[in-house]
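S.K.:
There are 2 protein chains.
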Amino acid sequence: MFFERLVLATGNRGKYREFAAMLPGDLVGELVFAPELTRLVVEETGESYVENALLKARAWARASGLPSLADDSGLEVAALDGAPGVHSARAVPGDDSARNAWLLSELEGREDRTARFVAALALVIPGRREFVCEGECPGHIAGAPSGSGGFGYDPLFIPDGFEASFADIPAEVKNVVSHRAAALRTMIGILGRELKE
Amino acid sequence: MFFERLVLATGNRGKYREFAAMLPGDLVGELVFAPELTRLVVEETGESYVENALLKARAWARASGLPSLADDSGLEVAALDGAPGVHSARAVPGDDSARNAWLLSELEGREDRTARFVAALALVIPGRREFVCEGECPGHIAGAPSGSGGFGYDPLFIPDGFEASFADIPAEVKNVVSHRAAALRTMIGILGRELKE
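Those protein sequences? They're chains P and R, same order as listed. 330 is the number that the numbering used here gives to position 1 of the first sequence; each next residue is one higher, with no gaps. 466 is the number that the numbering used here gives to position 137 of the second sequence; each next residue is one higher, with no gaps.
What follows is the structure, encoded as structure tokens:
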């Protein structure tokens, strides 16, 4: 089981960096950052993380003929009934800091700051198989953003067991405790069970 | 948080290979195989995995002046009241295949073949701190050994969710689902919480 070239079906550099660090070298030779391959815009019209991940992985597998791995992830805040959820990256116009400011204002005066990050992964091997799985990381929303690592809502998310945000803790630690790390472990387990070679 | 050189306090090449593959490159520069550093025999006289791991990590940290990571692990078989457990590597005279034959004969005619692998890790940073943690992997004992990977009882151990033994599944999969992988994730989480830099 070895992918000589695997496309990471995302335009997000932060996600690319994380997967490049997390994927075992004996599982993937070259991890290709999708935008460096060709131009392709995928509408994320799915109702779930899994659907969106599949949309992206399928589109890139079709366009490239290569095995493609896509992530779709979101932040689910208990006091907001699971919002922003699947729409996390598009919850608010503007950039990450606009979204972080929006989240803080939504939670103003709320007691319950419980939240979790969820990630779905889809792996599409052209003409062969599709695999999907999910992973999560429980935590809570801080009172103010902190840290310069990560991306998205990371500066506001304190994973359980830590006192620092995902943007504060070293990348090599985030890459072990994160929702994407959990999902990737599940995916590698699935591949071990399903792919014989 | 970065260890330029970290000693892996073991004489077991199989363990060294696994940790070398599992440790993130941005966490450890060079992983030193202890026997290549100096000659040192550590009596594993502890009553628990954690004690034995600490004995080894402390001895190598003292001898080398370098941060040292040790693993102590064992197989716990339900029908044998948790044996061979802490004494797994020394349960029976002889080599791995002698121990595998012993285990099969002990389980002959038994219905319950449930088992788990347990690993304790100790990290000793000279003059600074000690950290310990554990991880486990549930599974069961096969009817016959299978596979050529791994070491120890791996050819007889089928991890939950798989139909192949630890010696059958690819190393990059074992290194994600194993007791050592689980312990290492916990250890990296602890380091992320405890070590500020």
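Beta carbons: idealized from backbone N, C-alpha and C, even for Gly. This structure is a prediction, so every number in the text was calculated from the model and none was measured.
Please name the residue or residues paired with S397 (chain R) in a DSSP beta bridge.
M.R.: For S397 (chain R), which the question treats as bridged, DSSP gives the partners R:V336, R:V453.
S.K.: Quick one, which of P:S507, P:I517, P:I519, P:E333 has its alpha-carbon nearest G394 (chain P)'s?
M.R.: The residue with the shortest Cα to Cα distance from G394 (chain P) is P:E333.
S.K.: To the nearest whole angstrom, what separates the beta carbons of I470 (chain R) and L436 (chain R), a pair I think is in contact under 8 Å?
M.R.: Yes, they are in contact, since the Cβ atoms of I470 (chain R) and L436 (chain R) sit about 6 Å apart, within 8 Å.
S.K.: Report back the beta-carbon spacing between A388 (chain P) and V371 (chain P) to the nearest angstrom; my notes put them in contact at under 8 Å.
M.R.: Confirmed, Cβ separation roughly 5 Å.
S.K.: In this structure, how does DSSP classify F331 (chain P) when only helix, strand and coil are distinguished?
M.R.: Note: F331 (chain P) maps to coil in three-state DSSP.
S.K.: Whole angstroms is fine: what's the gap from G478 (chain P)'s alpha carbon to A349 (chain P)'s?
M.R.: Rounded to whole angstroms, G478 (chain P) to A349 (chain P) spans 16 Å at the Cα level.
S.K.: By Cβ distance, which residues of its chain are closer than 8 Å to R439 (chain R), with the 5 residues on each side in sequence left out?
M.R.: These residues qualify, in order along the chain: A408.
S.K.: Can we say the segment 447 to 456 of chain P touches the segment 489 to 501 of chain P, given the rule of at least three CB pairs closer than 8 Å?
M.R.: With a cut-off of 8 Å, the segment 489 to 501 of chain P and the segment 447 to 456 of chain P do not count as touching, because too few Cβ pairs lie within range.
S.K.: Go to V461 (chain R), then tell me how far its beta strand (DSSP E) extends in each direction, as first and last residue.
M.R.: Looking at the DSSP string, the run of the beta strand (DSSP E) that includes V461 (chain R) is 458 to 470.
S.K.: Can you list, in chain order, the residues of its chain whose CB lies under 8 Å from that of C462 (chain R), leaving out five sequence neighbours each side?
M.R.: A449, L450, A512, T515, M516, I519.
S.K.: Going by DSSP, name the residue or residues bridged to V357 (chain P).
M.R.: In the DSSP output, where bridge partners are listed per residue, V357 (chain P) has P:F332.
S.K.: Give me the Cβ distance between L337 (chain P) and L398 (chain P), rounded to the nearest whole Å; I'm assuming they're in contact under 8 Å.
M.R.: The pair is a contact, with the Cβ atoms about 6 Å apart (cut-off 8 Å).
S.K.: Helix, strand or coil for T515 (chain R) per DSSP?
M.R.: Helix.
S.K.: In terms of residues, what are the limits of the alpha helix (DSSP H) holding F348 (chain R)?
M.R.: Note, F348 (chain R): alpha helix (DSSP H), 342 to 351.
S.K.: Would a C-beta distance cut-off of 8 Å place P353 (chain R) and E523 (chain P) closer than the cut-off?
M.R.: No, these two residues do not count as a Cβ contact at 8 Å.
S.K.: Exposed or buried, which one is H508 (chain R) when buried takes at least 16 other CB atoms within 10 Å?
M.R.: Label assigned to H508 (chain R): buried.
S.K.: Helix, strand or coil: which one does DSSP assign to L404 (chain P)?
M.R.: Three-state DSSP puts L404 (chain P) in a strand.
S.K.: Could you check the C-alpha separation between G403 (chain P) and H416 (chain P) for me, to the nearest Å?
M.R.: Rounded to whole angstroms, G403 (chain P) to H416 (chain P) spans 7 Å at the Cα level.
S.K.: Could you spell out where the alpha helix (DSSP H) holding R428 (chain P) opens and where it closes?
M.R.: First-last of the alpha helix (DSSP H) with R428 (chain P): 425 to 435.
S.K.: Using a Cβ-Cβ cut-off of less than 7 Å, list which residues of the segment 480 to 496 of chain P approach chain R; keep chain order.
M.R.: Correct list: G490, F491.
S.K.: Please list, in chain order, all residues of the same chain as G369 (chain R) whose beta carbon is under 8 Å from its beta carbon, the five residues on each side excluded.
M.R.: One detail in the question is off: residue 369 (chain R) reads as Leu in this sequence, not Gly. So the qualifying residues of the chain are A363, A388, W389, A392.
S.K.: Kindly say whether V506 (chain R), judged by its beta-carbon, lies nearer than 8 Å to any beta-carbon of chain P.
M.R.: It does; some Cβ of chain P falls within 8 Å.
S.K.: Give, in chain order, every residue of the segment 389 to 418 of chain R whose Cβ lies closer than 8 Å to some Cβ of chain P.
M.R.: Here the close residues number zero.
S.K.: Run down chain P in chain order and give the residues with a C-beta less than 7 Å from the C-beta of E437 (chain R).
M.R.: Correct list: empty, because the minimum Cβ distance to chain P is about 28 Å.
S.K.: Taking C-beta to C-beta, are A444 (chain R) and E405 (chain R) nearer than 8 Å?
M.R.: Against a cut-off of 8 Å, the Cβ pair of E405 (chain R) and A444 (chain R) comes out as a contact.
S.K.: Looking at the structure shown, is V421 (chain R) part of a helix, part of a strand, or coil, going by DSSP?
M.R.: Coil at V421 (chain R), not helix or strand.
S.K.: Going by beta-carbon coordinates alone, are F480 (chain R) and N341 (chain R) separated by less than 8 Å?
M.R.: In contact: F480 (chain R) and N341 (chain R) (Cβ atoms closer than 8 Å).
S.K.: Near A386 (chain P), which residues of its chain fall below 6 Å by C-beta distance, leaving aside the five closest residues on each side in sequence?
M.R.: These residues qualify, in order along the chain: A338, S397, A399, A451, V453.
S.K.: Just the chain P side, please: which residues come within less than 7 Å of R522 (chain R) by C-beta, in chain order?
M.R.: Result: G490, F491.
S.K.: With the cut-off set at 8 Å, would you say G476 (chain P) and D497 (chain P) are in Cβ contact?
M.R.: Yes. Within cutoff.
S.K.: So, Y378 (chain P) versus D410 (chain P), is the Cβ gap smaller than 8 Å?
M.R.: Cβ atoms of Y378 (chain P) and D410 (chain P): not closer than 8 Å.
S.K.: DSSP three-state call for A473 (chain P): helix, strand or coil?
M.R.: Three-state DSSP puts A473 (chain P) in coil, outside helix and strand.
S.K.: Contact criterion: CB-CB distance below 8 Å. Does G275 (chain R) meet it with respect to chain P?
M.R.: As displayed, chain R neither begins before 330 nor continues past 526, which places residue 275 (chain R) out of reach and without an answer.
S.K.: Could you list which residues in chain R have their beta carbon closer than 8 Å to that of V502 (chain P), in chain order?
M.R.: Here the neighbours are M330, I517, G518, L520, G521.
S.K.: Expressed to the nearest angstrom, what Euclidean distance is found between the alpha-carbon atoms of G414 (chain P) and L383 (chain P)?
M.R.: Distance between the alpha carbons of G414 (chain P) and L383 (chain P): 17 Å.
S.K.: Are the Cβ atoms of V421 (chain P) and C466 (chain P) separated by less than 8 Å?
M.R.: Result no, Cβ atoms of V421 (chain P) and C466 (chain P) do not sit closer than 8 Å.
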